[in-house]
Amino acid sequence: MAAAVSGAALLGKGLDISLAALQRHDPYISSIVDVASQVALYTFGHRANEWEKTDVEGTLFVYTRSASPRHGFTIMNRLSMENRTEPITKDLDFQLQDPFLLYRNARYHPVQIQTILYRYNILHWG
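Residues in the sequence shown are numbered from 1141 upward in steps of one, following this note's numbering.
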């Protein structure tokens, strides 16, 4: 039982550190709702008519905010200093195509987020 408590304490400590890192980018983030440890972001190339890997890869955090918009997600990029942050608003369209989750908004070209563990697979299209 003590090992389980220690594991939970370590997980809580890790989320506290992650929350603090996210809040450095957005002080209105209030809590982490879910995490996928490894995701990769792809864009849809209209010329080639296929998904192309980008230089965004890392941990996906889904979170709540104390200001509008109330929810969002961020990929903390391990390949560069540029993270992908997306507010979750009524203008963000989602579509489930198992094992992928596609999303679209007005700001970005089509994008797919694919996890190594296939916990989250998110596609973004434009």
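Every residue, glycine too, gets a C-beta built ideally from N, C-alpha and C. A quick note: this is a predicted structure, and the numbers were derived from the prediction, not measured.
> Using 8 Å as the threshold, is the region 1217-1224 in touch with the region 1194-1203, meaning 3 or more CB pairs across them?
Replying inline: Result yes; three or more Cβ-Cβ pairs closer than 8 Å.
> How far does the beta strand (DSSP E) with Pro1227 in it reach, from first residue to last?
Replying inline: The sequence position of residue 1227 within the sequence shown is 87, counting from 1. Looking at the DSSP string, the run of the beta strand (DSSP E) that includes Pro1227 is 1224-1228.
> Candidates Glu1226, Gly1212, Leu1181: which alpha carbon is nearest Ser1171's?
Replying inline: Along the sequence shown, read from residue 1 onward, the residue named residue 1171 stands at position 31. That would be Gly1212, whose Cα lies nearest to the Cα of Ser1171.
>> Looking at the strands, I want to know which residues DSSP matches up with Asn1217.
In response: As a working note, residue 1217 is residue 77 in the sequence shown. Answer is Gly1198, bridged to Asn1217.
> By how many angstroms is the C-alpha of Ala1207 removed from the C-alpha of Phe1184?
Replying inline: Counting from 1 along the sequence shown, the entry for residue 1184 is found at position 44. Counting from 1 along the sequence shown, the entry for residue 1207 is found at position 67. Each residue's Cα considered, the two are about 31 Å apart.
> From Phe1234 to Val1173, what does the alpha carbon distance come to, in whole angstroms?
Replying inline: Taking the sequence shown and counting its residues from 1, one reaches residue 1234 at position 94. Taking the sequence shown and counting its residues from 1, one reaches residue 1173 at position 33. Whole-angstrom Cα-Cα distance: 18 Å.
> If we ignore side chains and look at the alpha-carbon of each, how far apart do Tyr1168 and Thr1194 end up?
Replying inline: As a position in the sequence shown, residue 1168 is number 28, starting the count at 1. As a position in the sequence shown, residue 1194 is number 54, starting the count at 1. Approximately 28 Å between the Cα atoms of the pair.
> Using a Cβ-Cβ cut-off of 6 Å (strictly less than) and excluding sequence neighbours within five positions of Ser1158, which residues of its own chain qualify?
Replying inline: Counting from 1 along the sequence shown, the entry for residue 1158 is found at position 18. Cβ within range, chain order: n/a, list empty.
> Residues bridged to Asp1174 by DSSP?
Replying inline: As a first step, residue 1174 must be located in the sequence shown, where it is residue number 34. Paired residue(s): Val1202.
>> If I follow the unbroken beta strand (DSSP E) through Asp1166, where does it start and stop?
In response: The count along the sequence shown starts at 1 and reaches residue 1166 at position 26. No beta strand (DSSP E) contains Asp1166, which DSSP labels as neither H nor E.
> With 16 as the cutoff for other CB atoms within 10 Å, does Arg1164 come out buried or exposed?
Replying inline: Position 24 of the sequence shown, counted from the start, is the residue given in the question as residue 1164. With fewer than 16 other Cβ atoms within 10 Å, it is exposed.
>> Since Tyr1203 and Leu1162 should fall inside the 8 Å C-beta cutoff, what is the C-beta to C-beta distance between them, to a whole number of angstroms?
In response: Taking the sequence shown and counting its residues from 1, one reaches residue 1203 at position 63. Taking the sequence shown and counting its residues from 1, one reaches residue 1162 at position 22. Yes, they are in contact, since the Cβ atoms of Tyr1203 and Leu1162 sit about 6 Å apart, within 8 Å.
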